[in-house]
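In UniProt numbering, the protein residues as written are 1 to 225.
In structure tokens:
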């Protein structure tokens, strides 16, 4: 997962490669077409295309020329995923989700929209309306997600505030880990934290003593020391 994300940042960190991906998102193109659209030299273009192929962002296929010339090598996008980055005072997360296109995708569309006309003009008008409807729905959902993230940020801030005011450094690390996960043993907790086992054990015992009662104490005590 980490290697995949590092690869994505490496690719998207270059403007020319972002421009290439944007251009190919409309339709497949052969080398000279892309080079002309982007406005960069062939040597630089070769390097960028090789990087995009090596990382799986694009793939190639051959297509016969209509005028008897040698087959042309076309480039097309070959990767589909969502990448979400969240950065705030209390959190830094990167969420990666690969999209899998299968029969379900077509069924989702058919269940939502009527059959598309064979007439290009009618089809484009219908699809334009469909696209606008989807964009509006996504915008509404994104607004709701943003509201939830604001509330989530406040929750995280309160967790960190309690941690700083009541627990030692190692104890806080344990608490913050347990906010999202429930390690079943000291070994699992130590591996998650990447810390010394004896130090984690000591901090865990101290943490148990500091929590007088309640579900959180029960959760801490469930960890097999």
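C-beta: ideal position from N, C-alpha, C; glycine also.
Small disclaimer: the values here were computed from a predicted structure and weren't measured.
In the DSSP assignment, residue 224 forms a beta bridge with 185.
Residue 57 sits buried, since 16 or more C-beta atoms from the chains shown fall within 10 Å of its C-beta.
Rounded to the nearest angstrom, the gap between the Cα atoms of residue 5 and residue 85 is 11 Å. If you draw a 10 Å sphere on the C-beta of residue 49, you find 16 or more other C-beta atoms in it, and that means buried.
When DSSP states are grouped into helix, strand and coil, residue 129 belongs to the helix group.
In chain order, 30, 31, 60, 62 place their CB closer than 7 Å to the CB of residue 73, counting only its own chain and leaving out the 5 sequence neighbours on each side. Apart from sequence neighbours up to five positions away, no residue of its chain approaches residue 135 with a beta-carbon distance below 8 Å.
Setting aside the 5 residues that flank it on each side, residue 11 is surrounded in the same chain by 17, 51, 52, 55, 57, each with a C-beta closer than 7 Å to its C-beta; the list follows chain order.
Between residue 223 and residue 183 a beta carbon distance of about 6 Å is seen, short of the 8 Å cut, so the two are scored as contacting. Note on residue 203: 16 or more other CB atoms within 10 angstroms of its CB, so buried under the neighbour-count rule. In this structure, residue 23 lies away from residue 42, with their beta-carbon atoms at least 7 Å apart.
Closest in C-alpha terms to residue 79, from the list 127, 186, 25, comes 25. Between the segment 161-178 and the segment 195-210 there are three or more inter-stretch CB-CB distances shorter than 8 Å, so the stretches are counted as touching.
Residue 178 holds the alpha-carbon nearest to the alpha-carbon of residue 160 among 143, 178, 75. Residue nearest to residue 7 within the set 35, 34, 69, 83 is 83 (criterion: CA-CA distance). If you ignore the 5 residues before and after residue 65, its C-beta comes within less than 8 Å of the C-beta of 71, 72, all in its own chain and listed in chain order. According to the DSSP secondary-structure assignment, residue 58 is paired through a beta bridge with 77. CA-to-CA, the gap between residue 154 and residue 199 works out to about 30 Å. Taken atom to atom, the span from the alpha-carbon of residue 93 to that of residue 176 is near 14 Å. Here residue 216 is exposed: its Cβ has fewer than 16 other Cβ atoms, across all protein chains shown, within 10 Å. Rounded to the nearest whole angstrom, the C-alpha separation of residue 209 and residue 152 is 28 Å.
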